[in-house]
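Asker:
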Amino acid sequence: MRNPLSEKVVALEPSGIRKFFDIVNEMTDAISLGVGEPDFDTPWRIREEGIYSLERGRTFYTSNAGLKELKIEITKYIKRKVNVSYDQQDVLVTVGGSEAIDLAFRAMLDPGDEVLIPQPSYVSYLPCAILADGVPVVIPLKHENEFKLTAEELEAAITPKTKILVMPFPNNPTGAIMTAEDLKPIVDVVLKHDIFVVSDEIYSELSYMGDHVSIASFPGMQERTILINGFSKGFAMTGWRLGYACGPRAIIEQMTKVHQYAIMCAPTNSQYAAIEGLRNCDDEVQKMREAYNQRRRFLMHELKRMQLECFEPYGAFYIFPCIKEFGMTSEEFATRFLAEEKVAVVPGTAFGECGEGFLRISYAYSLEDLKEAIGRLGHFIDRLRAEQK
Amino acid sequence: MMETKSEMNKEMRRTILNYIERNSKADLQELAIMLGTDEVMVANEIAEMEKEKIICGYHTLIDWDRAGSEMITALIEVRVTPQRDQGFDRIAERIYNFPEVTAVYLISGGYDLMVILEGWTLKGVSQFVSEKLAPVEAIMSTATHFILKKYKDHGTIMVPQKKSERMLVTP
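These protein sequences, in sequence, are chains A and B.
At position 182 of the first sequence the residue is numbered 182 (this note's numbering), and the sequence of numbers has no breaks.
Convert by adding 1000 to the 1-based position in the second sequence; the result is the number in this note's numbering.
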């Protein structure tokens, strides 16, 4: 029999997080700081609307790009949150933000086009770029810059083949954000070199130092930015699989074409529920943000007490402490921590090689759970430091 | 724009109240850490709010069923004739002074006062209604409802909750 597999797909690295997931799943009594999704249930108003839409028999397809009503609500939301104006025809509703990333690359890349991917960052940019025949070019971000992207780093990575810059902020796994002052020099470089931006703003609601700023809000940027967002994080709707992309109509149209052939449309039920979320859930979202922020401060305080090196992250629900002092790789540290204290954290390397020496700790947990887990982290590093002496 | 001090203060109060409304046992030091302020500030604000009667007390939410005690809660609708000069207040006072009464509200609609009563026995509650409440001259009628099951009380769901089905590690 001939080899049934595509060389391109076989050559893709399996997600580093997957490997760890399999180990953790074997341990039934482990507790975790390893998740990338909210601990809150979806606000009841939204769930109730989902139930109602099923009761009403809304079980048909929607138009490919999504319900017009939802797209209009999305444009209003984007306007009020980051002050960028879109027409509803510039919006495509997708199956999570992840699909929008995939579509943006597929619609914009020709073979050999380079995609700049700052890392550590979410696991799917690099494989999606490869699957779209692009060439991923990693920009390793630095701890001393608090894992922000700098204009110098960007400038150094640009070649004549560079087509897209991915902007993954607020960042998973580092929790880094880019403020307006941080973005300004990046914008200058992007404009100078005439490249496009895929801005993954899925954590935009979870920003703890002023409101989130979108790179699309800078003069000259809206026409060269695909703004990606969704309902998973801010609205605690991961399992509903609903995201969206906003951008220049010419690009959105081509993304819609791929979406139409591959997906047809995002889940109808989720779309109706999301309308309720955008219309009536600002308070609920605010409450969740406040709870995350309280836990963030608590964790930072605890890490400081343990003298574990960590920059203060102001976004998403992750902290990214440095464990280089223990002379172990991130994976060794995470594996031993799991075996000895039964707590799962994700090695920084799951998000790119430059995550070596760091751990992703999620605070999408109740304060009680966090206290327990962080207590065990305290024991563990005490023991490691004692061993070193 | 800088927030004014009083706005910040208001914001801090709101956050403290939101927090301790759900957990009055909150450790002050921990609360200060989570709010990004210092312990003295939090303690002062709480003391101020106690003085101003914004914080009126610290109660404990108890599921008496689980404690093995058959606590009975009754909601009593009371229709009254308002008294000259004093409206409903005087009659309300007469009712709320009974220690068994845990709450009295003036209500719009089909009746006037909602009285919440907690007692250890059905007999005790019915005795209270027939002997203390019904004979009061201004009270025209009462309708007593017994609570059969508490699903949610003071914002806390009292029935067992499902364990989270979230996976342990996700990207």
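Every residue, glycine too, gets a C-beta built ideally from N, C-alpha and C.
#1: Would you check if the distance between the CB atom of A/Ile275 and the CB atom of A/Glu49 is smaller than 9 Å?
#2: According to DSSP, what are the bridge partners of B/Lys1152?
#3: Helix, strand or coil, according to DSSP, for A/Gly16 in the structure here?
#4: Does the region 259 to 271 of chain A come within contact of the region 54 to 69 of chain A, defined as at least 3 CB pairs closer than 8 Å?
#5: Between the Cα of B/Ile1091 and those of B/Arg1022, B/Ala1138 and B/Val1159, spot the shortest distance and give me the residue it belongs to.
#6: Considering only C-alpha positions, which residue in the set B/Asp1089, B/Thr1073, B/Arg1014 and B/Phe1128 is nearest to B/Leu1113?
#7: What is the DSSP secondary structure of B/Ala1143, reduced to helix, strand or coil?
#8: In this structure, how does DSSP classify B/Ser1069 when only helix, strand and coil are distinguished?
#9: Is the beta carbon of A/Thr162 closer than 9 Å to that of A/Ile186?
#10: Mind checking the region 171 to 190 of chain A against chain B and listing, in chain order, the residues whose C-beta falls within less than 7 Å of any C-beta there?
#11: Thinking C-alpha only, which one of A/Thr335, A/Met306, A/Tyr86 and A/Val135 is nearest A/Asp382?
#12: Along the chain, where does the beta strand (DSSP E) containing B/Met1041 start, and where does it finish?
#13: Give every residue of the same chain whose Cβ lies closer than 7 Å to the Cβ of A/Ser53, excluding the five residues on either side of it in the sequence, and list them in chain order.
#14: Can you name, in chain order, every residue of its own chain whose Cβ lies under 6 Å from the Cβ of A/Lys81, other than the five neighbours on each side?
#15: Select from the region 35 to 63 of chain A all residues with a C-beta closer than 8 Å to any C-beta belonging to chain B, and list them in chain order.
#16: Return the CA-CA distance between A/Asp87 and A/Lys257, expressed in angstroms with no decimal places.
#17: Rounded C-beta distance between A/Leu103 and A/Ile139? I'm assuming under 8 Å.
#18: Determine, using beta carbons only, whether A/Phe147 and A/Ala180 come nearer to each other than 9 Å.
#19: Sorted by chain position, which residues of the same chain lie with C-beta nearer than 6 Å to A/Gly97's C-beta, five sequence neighbours on each side aside?
#20: In the DSSP output, what is B/Arg1079 paired with across the bridge?
#21: Who are the near neighbours of A/Asn3 in its chain, counting only those whose CB is closer than 7 Å to its CB and skipping five residues on each side?
#22: Does any CB atom of chain B fall closer than 9 Å to the CB of A/Gln119?
#23: Under 7 Å Cβ-Cβ, which residues of chain B neighbour A/Ile74?
#24: CB A/Leu126 to CB A/Arg106, shorter than 9 Å?
#25: Per DSSP, A/Asn229 is paired with what?
#26: With C-beta atoms as the reference, is B/Met1012 less than 9 Å away from B/Leu1035?
#27: If you check the beta carbons only, do A/Leu206 and A/Arg295 fall under 9 Å apart?
#28: Taking its Cβ as the centre, do 16 or more other Cβ atoms sit within 10 Å of A/His379, making it buried, or is it exposed?
#29: Which residues in the same chain have their Cβ closer than 6 Å to the Cβ of A/Gly355, if we skip the five residues on either side of it in sequence?
#30: Just the Cα atoms here: how many angstroms apart are A/Thr75 and A/Gln260?
#31: Can you look up A/Thr179 in the DSSP assignment and give me helix, strand or coil?
#32: Thinking just about the alpha-carbon of each residue, which of A/Pro170, A/Ser217 and A/Glu99 is nearest to the one in A/Lys79?
#33: To the nearest angstrom, how far is it from the Cα of A/Lys233 to the Cα of A/His212?
#34: Taking only the alpha-carbon atoms, compute the straight-line gap between A/Val189 and A/Met27 and give it to the nearest angstrom.
#35: Under a three-way DSSP split, which group does A/Gln119 fall into?
#36: Under 7 Å Cβ to Cβ from A/Thr159, same chain only, skipping five residues before and after it: list those, please.
Answerer: Result, derived from the coordinates:
#1: Contact: yes.
#2: BP columns for B/Lys1152 point to B/Ile1157.
#3: The three-state secondary structure of A/Gly16, taken from DSSP, is helix.
#4: Touching, yes.
#5: Nearest of B/Arg1022, B/Ala1138 and B/Val1159 to B/Ile1091, Cα basis: B/Ala1138.
#6: For the set B/Asp1089, B/Thr1073, B/Arg1014 and B/Phe1128, the Cα lying nearest the Cα of B/Leu1113 is the one of B/Asp1089.
#7: Secondary structure of B/Ala1143 (DSSP, three-state): strand.
#8: If DSSP states are grouped into helix, strand and coil, B/Ser1069 belongs with coil.
#9: The Cβ atoms of A/Ile186 and A/Thr162 lie no closer than 9 Å to each other.
#10: For the region 171 to 190 of chain A, the set of positions with a beta-carbon nearer than 7 Å to some beta-carbon of chain B is empty.
#11: When each option's Cα is compared against that of A/Asp382, the closest is A/Met306.
#12: Counting along the chain, no beta strand (DSSP E) covers B/Met1041; the unbroken alpha helix (DSSP H) around it starts and ends at Glu1039 to Lys1051.
#13: Taking A/Ser53 as the centre and dropping the five residues before and after it, the same chain places the C-beta of Asn269, Tyr272 and Ala273 closer than 7 Å to its C-beta, in chain order.
#14: If you ignore the 5 residues before and after A/Lys81, its C-beta comes within less than 6 Å of no other C-beta in its own chain.
#15: Listed in sequence order: Val35, Gly36, Glu37 and Asp39.
#16: A/Asp87 and A/Lys257: Cα-Cα distance of roughly 18 Å.
#17: In fact, because the Cβ distance is near 23 Å, the residues do not count as touching under 8 Å.
#18: No; because the gap between Cβ atoms is not below 9 Å, this pair is not in contact.
#19: Here the set comprises Ile202, Ile228, Gly230 and Gly243.
#20: Paired residue(s): B/Ser1141.
#21: The answer is none, since no qualifying residue turns up.
#22: Output row for A/Gln119: interface = no.
#23: Neighbours of A/Ile74 in chain B, taken as residues whose beta carbon is under 7 Å from its own, are absent, since the nearest beta carbon is some 24 Å off.
#24: Not closer than 9 Å, so no.
#25: DSSP lists A/Tyr244 as partners of A/Asn229.
#26: At the C-beta level, B/Met1012 and B/Leu1035 come within 9 Å of one another.
#27: Taking 9 Å as the Cβ cut-off, A/Leu206 and A/Arg295 do not qualify as a contacting pair.
#28: By the C-beta density criterion, A/His379 is exposed, having fewer than 16 other C-beta atoms within 10 angstroms.
#29: Excluding residues up to 5 positions away in sequence, Pro120, Gly348 and Thr349 lie with their Cβ nearer than 6 Å to the Cβ of A/Gly355 in the same chain.
#30: So the alpha carbons of these two residues sit roughly 21 Å apart.
#31: Note: A/Thr179 maps to coil in three-state DSSP.
#32: Per the Cα distances, A/Ser217.
#33: Computed Cα separation, rounded: 14 Å.
#34: Rounded to the nearest angstrom, the gap between the Cα atoms of A/Val189 and A/Met27 is 48 Å.
#35: Residue state, collapsed to three classes: strand.
#36: Leaving aside the five residues that flank A/Thr159 on each side, the residues in its chain whose CB is nearer than 7 Å to its CB run, in chain order, Glu114.
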